[in-house]
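Protein chains in written order, with the numbering used here: chain A, 59 to 379; chain B, 59 to 379. Every residue gets a Cβ at the ideal spot worked out from N, C-alpha and C, and that includes glycine.
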């Protein structure tokens, strides 16, 4: 099987997944062609995952395919975009049919779930890595930016935090997991391997939230991005952070909180919202929690139950530090 | 300088290059936002370059930045698209400010030349590699596909072929270049490091050419893609192929012809055209050559001056063979 046949064979399912009404031309020409619906812009985001840096060298291919797409689509959710198509540039050390079969199964499952279709890509030889570029449609003027937070907004997150970061030693087999309850183990592995892009919530928040992003670097660091882009201070009430139960069960309260604050990889949304929007939002999205508020000033403040500032030294994951 | 500052600092020039009227939001949020002009589709293509596979490990960073973008934009040219924006996912073994400075200088120069703007990306640590995803605008129904070739069309190429492939041993310092004329050496290095995306020609060919692609795998292999997608036979007259002078001077007639047929990396366009379009086309694009024709049948036939089929065993570059 040559390179061209390889690409066609394994990725056909992802190319035929749900969606596709805005794809005029998919895989197989020099470019794919997308046609956004009238009155919509095209949202674009690129993510790279490198073996040994972003996932373990021996990562199960199916889970890896699933996670790689989920992480990328999460950026569309954070803009309030509806997924349309994605490209996959994958670098492989060798042509391993079983690995590719499993990877494309995981990729296709997530593509189905997100109603996004593979529209092109590139397959090259080299150390295992992949870059996904996702494209979605967002109604003009309604994209959720980082820069719109307003003084008086509530700060909300879409669900519990910390399980993905807590799961890393389990994923790497660096911790004894045989004493863990099976349900805890499964919750940790699911948080790491199967983050759920918050697409419905992102689309609901169009025209309602003032600022939003997905939590990839950790709550503190990502709220720092909102604070900087919006020229405001983001205050976080430490006691209100929805720390994931599985993280708590594995690590105890203090370390689980650290995972929630700084661990990243949860791919929940953080967003700021006028308070009058909260009740109807929580009726539809029961997992949404208020964790703080936006006030005048700069930067991020973490507050304890008495309203005192908690000192934090760690500011999120940076590859080159 | 942290990861966020690094990205901002070195790639700001590329982000501020020419163009940009269709970019609603550039670098710095979860997604960029593009707005195609009315009546246009969005053309998308992804290319990966891996160190040691697609370029030498010690490639000069400035030339590499220039070439990486040119190769990617060439796919837009092949669709007849007008460049809009691109994302750059770059994986670096270390934070080397001098290297990044040089790379971004080359990238910016090519971005200026192509009027395309950097709109986002990802910077990760790992073995040197880069994935560029380019986006352009193409008027509805006018994209140049591989599938439209018609029996009776002329087969044309946009310029001379073979110099980029001939240059590889020179680029790798595997051949003594001190006996070469300086002009030949420069022509070879320019062909390899500075391919020129045929944007003006691609845009001219909208609504005129029946099929087109850029020659990245070699003339024979790429004409095979047209033949297959269009269900036709593509005949190439060997004597009419515009073999690059520099390739001829380095390698002699026979090997230079092989480079033109199978070497790839030239990023000229190959396209099929009704014969009545030829005269006005060549008035504006003097380098365009007729190299064959489209007839009923399948596959690619290489013909000698007497019209006999020349046997060819090599079918273009495939990473996994």
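Classify residue 87 of chain A as buried or exposed, calling it buried when 16 or more other Cβ atoms lie within 10 Å of its own Cβ. Counting Cβ neighbours within 10 Å, residue 87 of chain A comes out buried, since at least 16 surround it.
For residue 151 of chain A, does the count of other Cβ atoms within 10 angstroms reach 16, so buried, or fall short, so exposed? exposed
Excluding the 5 residues flanking residue 294 of chain B on each side, which residues of the same chain have their C-beta closer than 6 Å to its C-beta? Closer than 6 Å at Cβ, skipping near neighbours: 349, 350 and 360.
Members of the region 120-152 of chain B that neighbour chain A once the beta carbon cut-off is set at 7 Å: 133, 134, 136, 137, 139, 145, 147 and 149
Where residue 231 of chain A and residue 247 of chain A are concerned, what is the direct C-alpha to C-alpha distance, given to the nearest angstrom? 11 Å
Same chain only: Cβ atoms within 8 Å of residue 209 of chain A, ignoring 5 sequence neighbours per side: So the qualifying residues of the chain are 290, 352, 353 and 354.
Have a look at A/205, A/197 and A/139 and flag the residue whose alpha-carbon is nearest the alpha-carbon of residue 286 of chain A. A/205
Alpha carbon to alpha carbon, what distance is there between residue 138 of chain A and residue 256 of chain A? If you take the alpha carbons of residue 256 of chain A and residue 138 of chain A, they lie about 9 Å apart.
CA nearest to the CA of residue 183 of chain A, picked from A/84, A/194, A/148 and A/160: Nearest option by C-alpha distance: A/148.
Would you say the beta carbon of residue 336 of chain B comes nearer than 7 Å to a heavy atom of the ligand NAP? As far as ligands go, the structure on display features none, and thus does not contain the ligand NAP.
Leaving out five residues on either side along the sequence, give the residues of the same chain with a beta carbon under 6 Å from the beta carbon of residue 68 of chain B. 158 and 162
Please list, in chain order, the chain A residues whose beta carbon lies closer than 9 Å to that of residue 108 of chain B. 149, 182, 183, 184, 185 and 187
Would the beta-carbon of residue 318 of chain A fall within 8 Å of that of residue 259 of chain A? no
Please report whether the beta-carbon of residue 85 of chain B lies at a distance below 8 Å from any beta-carbon of chain A. Residue 85 of chain B does not count as touching chain A.
Out of curiosity, what's the CA-to-CA distance linking residue 169 of chain A and residue 190 of chain A? Spanning the alpha carbons of residue 169 of chain A and residue 190 of chain A requires a straight line of approximately 12 Å.
Interface residues of chain A around residue 271 of chain B at Cβ under 7 Å? 88
Tell me the start and end of each unbroken beta strand (DSSP E) in the region 170-231 of chain A that is at least 3 residues and wholly inside, in chain order. Those beta strand (DSSP E) runs which fall completely within the region 170-231 of chain A and span 3+ residues are 175-183, 187-197 and 212-215.
By the 10 Å Cβ neighbour count, where 16 or more other Cβ atoms means buried, how is residue 175 of chain A classified, buried or exposed? By the neighbour-count criterion, in which a residue is buried when 16 or more other Cβ atoms sit within 10 angstroms of its Cβ, residue 175 of chain A is buried.
Run through DSSP, which three-state label would residue 67 of chain B get? helix
Using three-state DSSP, classify residue 376 of chain B as helix, strand or coil. Caution is warranted here: a pLDDT of 49 is assigned to residue 376 of chain B, below 50, making its placement in the model unreliable, and the coordinate value is therefore given only provisionally. Residue 376 of chain B: coil per DSSP, three-state reduction.
CB contact check: residue 191 of chain B to chain A, cutoff 8 Å: yes
If you drop the 5 nearest sequence neighbours on each side, which residues of the same chain put their C-beta closer than 8 Å to that of residue 64 of chain B? 153, 158 and 181
Excluding the five sequence neighbours on either side, which residues of its own chain have a C-beta within less than 7 Å of the C-beta of residue 369 of chain A, listed in chain order? none
Output needed for residue 249 of chain A: all residues of its chain with C-beta closer than 6 Å, excluding positions within five of it in sequence on either side, in chain order. 221, 222 and 225
Specify, as a first and last residue, the run of the alpha helix (DSSP H) that residue 340 of chain B falls within. 336-342
Looking only at its own chain, which residues have a Cβ that is under 7 Å from the Cβ of residue 340 of chain A, when we skip the five neighbours before and after it? 346
Measure the alpha-carbon distance for residue 131 of chain A versus residue 99 of chain A and round it to whole angstroms. 16 Å
Local conformation of residue 323 of chain B per DSSP, three classes: Residue 323 of chain B falls in the coil class under three-state DSSP.
Is DSSP giving residue 146 of chain A helix, strand or coil here? strand
Give me the chain B residues within the contact set of residue 52 of chain A, using Cβ-Cβ distance strictly less than 9 Å, ordered along the chain. Nothing about residue 52 of chain A can be read from this structure; chain A reaches only from 59 to 379.
Let me confirm a value: residue 244 of chain B is counted as buried when at least 16 other C-beta atoms fall within 10 Å, else exposed. Which label applies? exposed
So which residues on chain A does residue 104 of chain B lean against when the C-beta distance must stay under 7 Å? 145, 147, 178, 179, 180 and 191
Residues from the region 203-229 of chain A in contact with chain B, defined by Cβ distance under 7 Å: Of all residues in the region 203-229 of chain A, only 203 and 204 place a beta-carbon less than 7 Å from a beta-carbon of chain B.
Against chain A, with Cβ distances strictly below 8 Å, would residue 328 of chain B count as a contact? By this cut-off, residue 328 of chain B is not an interface position.
So what does DSSP say about residue 105 of chain A, is it helix, strand or coil? strand
Please confirm whether residue 352 of chain A has its beta-carbon closer than 8 Å to some beta-carbon of chain B. no
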